[in-house]
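Below is one structure; the comments refer to it alone.
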Amino acid sequence: MATKINKHKRNTNGFTLLGIMGWILLVAVICFGVLVGWKLFQDDNTKSDASESSQTQDINTADVDNKPKESTEPKEEQDNKTTAGNEAKAKTDELEKQQAAEAEKTDGGLKKADVVLNEPYWVEDKLIISSVVTNIHENEGDNCYYILSSETSTTTIVRKVMPNAKNTVCKALEIEKGSLTPGRWSVKLKYKSNYAEGVSETQTFTIQ
Numbered sequence: 001m002a003t004k005i006n007k008h009k010r011n012t013n014g015f016t017l018l019g020i021m022g023w024i025l026l027v028a029v030i031c032f033g034v035l036v037g038w039k040l041f042q043d044d045n046t047k048s049d050a051s052e053s054s055q056t057q058d059i060n061t062a063d064v065d066n067k068p069k070e071s072t073e074p075k076e077e078q079d080n081k082t083t084a085g086n087e088a089k090a091k092t093d094e095l096e097k098q099q100a101a102e103a104e105k106t107d108g109g110l111k112k113a114d115v116v117l118n119e120p121y122w123v124e125d126k127l128i129i130s131s132v133v134t135n136i137h138e139n140e141g142d143n144c145y146y147i148l149s150s151e152t153s154t155t156t157i158v159r160k161v162m163p164n165a166k167n168t169v170c171k172a173l174e175i176e177k178g179s180l181t182p183g184r185w186s187v188k189l190k191y192k193s194n195y196a197e198g199v200s201e202t203q204t205f206t207i208q
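Residue numbers (the working numbering): 1 to 208.
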């Protein structure tokens, strides 16, 4: 009996030693895992800080690049260039105005008159023909020439300019029914003064 008891005690001591070594190994593994995790956490924070720093630097660089660059030229030279540019623009504008004015002139060097001839209409036995020059203002002169044409004849009747506050009005033409030969007629108005000249579009009417 004594021999068997001693063997049992030696086996118990062996298991106890293995258990202790196992716990030590487990603790070592846990500590190693904690150290590795902490190292990875520190590396992530370092990378994140570096990325944020790089982005901030890029933004600051972009802000600097987007800022308007100040001219290094002396102020006097800048003023001279500005003055020269303004003078060149003024000359260009003046040339354009002169060209526009020339385009509005006739071959005789006069201003082009915008002549409007109204459609002829009858008032009892009289044919009324009226006209106006819209782009000039003249209040006197025998400047209105009504030109009436048929297949066989042409007649020119002169009328005076009538006073008007805004434009040039030619005195209306009144034609008695029996004063023209029967048939189809056309009429246009030619305006001419010392300042302007122009011709209207043609209107037609019929004498019965």
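C-beta atoms are modelled at their ideal positions from N, C-alpha and C, and glycine is treated no differently.
Straight-line gap, G22 to A28 (C-alpha atoms, nearest Å): For the purposes of this step, residue 22 is identified with residue 22 of the sequence shown, where counting begins at 1. For the purposes of this step, residue 28 is identified with residue 28 of the sequence shown, where counting begins at 1. Their Cα atoms are separated by approximately 10 Å.
Nearest neighbour of L117, chosen from N139, S179, I147 [CA to CA]: Counted from its first residue, the sequence shown places residue 117 at position 117. Closest option to L117, Cα to Cα, is I147.
Buried or exposed by the 16-neighbour rule on C-beta atoms within 10 Å, applied to D198: In the sequence shown, counting from the first residue as 1, residue 198 sits at position 198. Note that residue 198 is Gly in the sequence shown here, rather than Asp. So G198 ends up on the buried side.
Distance between V115 and N86 (C-alpha atoms, nearest Å): Counting from one through the sequence shown, the residue named residue 86 turns up at place 86. Counting from one through the sequence shown, the residue named residue 115 turns up at place 115. Roughly 39 Å separates the two Cα atoms.
Spatial distance of Q78 from T92 (CA atoms): Within the sequence shown, the letter at position 78 stands for residue 78. Within the sequence shown, the letter at position 92 stands for residue 92. Taking the CA atoms as reference points, Q78 sits about 21 Å from T92.
Where L18 falls: helix, strand or coil (DSSP): As a working mapping, residue 18 is identified with position 18 in the sequence shown. Note: L18 maps to helix in three-state DSSP.
Rounded separation between K39 and L26 - CA only: Along the sequence shown, read from residue 1 onward, the residue named residue 39 stands at position 39. Along the sequence shown, read from residue 1 onward, the residue named residue 26 stands at position 26. Whole-angstrom Cα-Cα distance: 20 Å.
Cβ neighbour criterion (16 or more within 10 Å) applied to R159: Residue 159 sits at position 159 when you count from the first residue of the sequence shown. With at least 16 other beta carbons inside 10 angstroms of its own, R159 counts as buried.
Interface flag, A84 vs chain D, CB-CB below 8 Å: Judged by its chain identifiers, the structure shown contains no chain D, having just a single protein chain.
Pair within 8 Å by beta-carbon distance, V161 and G141: As a working note, residue 161 is residue 161 in the sequence shown. As a working note, residue 141 is residue 141 in the sequence shown. The answer is yes: Cβ separation under 8 Å.
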